[in-house]
Amino acid sequence: MINIKGLKKRFGRLEVLKELDAQIQENTITAIVGHNGSGKTTLIKCLLGLDKYDGGDINIKDFKLNGDWNYRSQIGYMPQVARFPENLTASEVITMISDLRIGSSTQAEELISYFRLVDEMEKPLKTLSGGTRQKVNAIVALMFNPDILILDEPTAGLDPVSSSLLKDKIQAEKASGKTVIITSHIMSEIQELADTILYLLDGKIFFDGPVNELIAQTGEKNLERAIAKMMS
Amino acid sequence: MMTLLKIIKYQLHDLLRGKWFIIYTAVFFLLTDGLFRFGGDPGQVSLSLMNVVLFIIPLVSIVFGTMFFYNSREFMELLLSQPISRISLYLGLYLGLALPLSAVYLIGVGVPFMYHAGIQTGSYWILLLVGVSLTWVFTALAFLIAVMSEQRVKGVGMTIVLWLFFAILYDGIILFILFALEDYPLEKLTLILSLFNPIDLGRILMLLQFDIAALMGYTGALFSKFYGNMFGSAVAVFALWTWCAIPVWLGYRAFSKKDF
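Chains as they are written, first to last, in this note's numbering: chain A, 958 to 1189; chain B, 42 to 301.
Spelled out as C-alpha cells, the structure:
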C-alpha cells in the first residue's frame, strides 16, 4: 500500500530521517511511535508532500510521489495542532474545502452530529477551545471518505467522551477497508487501536511488526512496558 | 485554474473583512478629491499625486504583502494537505492580494478624477498605470521576502530596508556614481541603472508625461530622448513588469521547495 525506501530528510544540519525504509499494509492501523523529535511528524509530512524530502522514494498504491498533487485526494490528514484561518467559522472552513475539492462527496453533516458539534459550527474558530478545534480537524480529515487516514496525535486535547468517539470512528474506518496511520504517545491507546507498530529511533525504523508480537517478544504485560524493556 | 479562481475568491472574502481596505481607499479618495478642491487642474493634481503614489504604494504593498503572507500560514497549511497544487496556491494568494490592492487604488484615484475632470488623457492614465504596476511589483517582492524568511520580524524589517533602498538610497547611489565618474560619458550607464529600480522607472514614465523632463538637466534630456518616444516608454513598462514577473517566479520556486 505505502512503500517507503531510503527516505532522507534534513533540516539544516539536523538529520531527521536517515535512509528510512518502511511498508504500510492496506487495511491496517499502523502506529508510528518514538520519543519527541524522533521524526514522526516529519515522516507523515513527507507522505503528504508538506515536507520535501532530500532522498529516497515513497510509493502510495501504484503512485510514486514526485510533486504531483492529485494523490492527496485519497488522503485525509489530521494535523497535530489544528490550524485554521482564524476569522472563519467551522462551517465556513468545511464549505470552503468542499468547494475547493470538486467532485468529492462529503459526509460532513453526519460527522458534525457524530462529534456533537452542531452548536459550535457558526462560531469563529478563534473562539473555540482546543478540543473543539481538534474535532473540527477530525471532520475535515474524515469528510471526503479517503482511503488513507493520517492522524497525528488525534486524541491529544480531547475529553474522554470525544476521545472514545474518535477511537470508535477510527476502528469503524478500518472495518470499512481503510488504511490508517496514527501517531500517539499514549501506549494504551495504541495497544487498543493499532495492528502494527513502527518504532522510530534516530531517524530509522527500530522495530516494525505486529503489536502482539512486540509484547510477546519482550514477555511484558502491556505495550508501554514492552517498549520500555526494548529500550533498556 | 478553477482552484486558482476559488482561492482568489476566498482571499478576497477574507481581506474585505479587514478595515485596511476601507482606510486605503479613503486615503486615496480624500487626497485626490482634496487636491481638486484646492483648485488644481488635472495636470497639477496628477503631479502632486505622483509623489504620493511613488512612495506610499510601494511601502503599503510591500509591508502589507509580507504581513498578509505570514498571516495566511494557517490557510496554506490547511490547503496544502488537500489535493491542491502549490502553484495554484501561491498564485491564488498573490493575485488575491494584488488584484484588490490595485482595484482599491483605481477606485480611490479614479472616481474623484471622473467627477472633477471627466475622462482625462495622458498623465492621468500614466498615473494609474504606474500605481497599478508598482502595486504588483512590490506585492511580488513582499511575497518573495516572506517565503524566504521564516521569522516575521526579520521579514517585515527586510521589506522596510528594501523600500528605503528603492525609494531613497538608490538615487543617492546613482548620484554618487555619476559624481565619481563625471569625467566619462555616462548616458548609457544612467539609462541602464534606472532600469534596476522600479520606483525610478515609475517616476521617469510620469515625469516625461508632464513635459518637465528638461528640469532634470542633461540626463533628463537624454531620458526624454530615449523614454519619450513609444519605444522608450514600452521599454520602461516592460522593465516594470519584468520586476513583477521575476520575483513572482523566484518566490514560487522557493515556495515549491518549502517545508510546512
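Where is the CB? At the ideal position from N, CA and C, for every residue including glycine. Owing to the predicted nature of the structure, the values given are computational and were not obtained by experimental measurement.
- Ala1039/A carries a coil assignment under DSSP once its states are collapsed to helix, strand and coil.
- Sorting Lys47/B, Met108/B and Phe184/B by C-alpha distance to the C-alpha of Pro288/B places Phe184/B at the top.
- For Phe116/B, the chain A residues whose C-beta falls within less than 7 Å of its own C-beta are Pro1042, listed in chain order.
- Apart from the 5 residues on each side of it in sequence, Gln1064/A sits with its Cβ closer than 7 Å to the Cβ of Met1100 and Asn1102 in its chain, given in chain order.
- Ile1147/A and Ile1154/A have their C-alpha atoms roughly 8 Å apart.
- The beta-carbon separation of Trp282/B and Ser174/B, rounded to 7 Å, stays under the 8 Å limit for a contact.
- Cβ proximity to chain A below 8 Å picks out Met43, Thr44, Lys47, Ile48, Tyr51, Asp55 and Arg58 from the segment 43-71 of chain B.
- Within a 10 Å sphere around the beta-carbon of Thr1084/A sit fewer than 16 other beta-carbons, which makes this residue exposed.
- Taking the beta carbon of Met1053/A as reference, the chain B residues within 7 Å of it are Tyr51, listed in sequence order.
- Sequence-distant partners of Glu1130/A (beyond 5 residues in either direction) whose C-beta falls short of 8 Å from its own C-beta, in its chain, are Leu1099, Leu1106 and Val1137.
- By the Cβ-count criterion, Phe79/B is exposed, with fewer than 16 other Cβ atoms from all chains shown falling within 10 Å of its own Cβ.
- An exposed status is given to Gln192/B, since fewer than 16 other beta-carbon atoms sit within 10 Å of its beta-carbon.
- With its beta carbon at least 8 Å from every one in chain B, Leu1022/A lies outside the interface.
- Spatial neighbours of Ser1120/A in its own chain (CB-CB distance under 6 Å, excluding positions within 5 residues in sequence) are listed in chain order as Thr1112.
- Under the three-state reduction of DSSP, Thr1112/A is assigned to coil, being neither helix nor strand.
- Taking 8 Å as the cut-off between beta carbons, the residues of the segment 118-144 of chain B near chain A are Glu118, Leu119, Leu120, Leu121, Ser122, Gln123, Pro124, Ile125, Ser126 and Arg127, in sequence order.
- Taking the Cα positions, Lys1002/A is about 42 Å away from Leu236/B.
- At a cut-off of 4 residues, the continuous stretches assigned as alpha helix (DSSP H) that sit fully inside the segment 79-141 of chain B are 83-112 and 114-121.
- Remark: C-beta atoms of Ile167/B and Thr66/B do not approach each other more closely than 8 Å.
- In terms of beta-carbon proximity, Phe272/B stays away from the interface with chain A, with every pair separated by 8 Å or more.
- For Arg970/A, the closest Cβ of chain B is not nearer than 8 Å.
- Rounded to whole angstroms, Gly196/B and Pro124/B show a C-alpha spacing of 29 Å.
- For Glu972/A, the beta-bridge partners assigned by DSSP are Arg967/A.
- Closer than 8 Å at the C-beta level to chain B, one finds no residue of the segment 1118-1136 of chain A.
- For Asp1076/A, the three-state secondary structure derived from DSSP is helix.
- Between Val86/B and Phe77/B the beta-carbon gap is near 6 Å, inside 8 Å, which marks them as a contact.
- Assigned with DSSP and collapsed to three states, Thr987/A falls in strand.
- Per DSSP, reduced to three states, the secondary structure at Gln1148/A is helical.
- Close to chain A, meaning a Cβ-Cβ distance shorter than 9 Å, is no residue of the segment 188-215 of chain B at all.
- At a cut-off of 8 Å between beta-carbon atoms, Lys1009/A makes contact with chain B.
- At least 8 Å separates the beta-carbon of Gly1160/A from that of Gly969/A.
- When rounded, the separation of the alpha-carbon atoms in Pro83/B and Ile48/B is 38 Å.
- Residues of the segment 217-249 of chain B with a C-beta atom less than 7 Å from some C-beta of chain A do not occur.
- Among the CB atoms of chain A, none fall inside 8 Å of the CB of Phe296/B.
- In the DSSP secondary-structure assignment, Gln980/A is bridged to Asn960/A.
- Under the 8 Å criterion on CB atoms, Phe109/B is classed as non-interfacial with respect to chain A.
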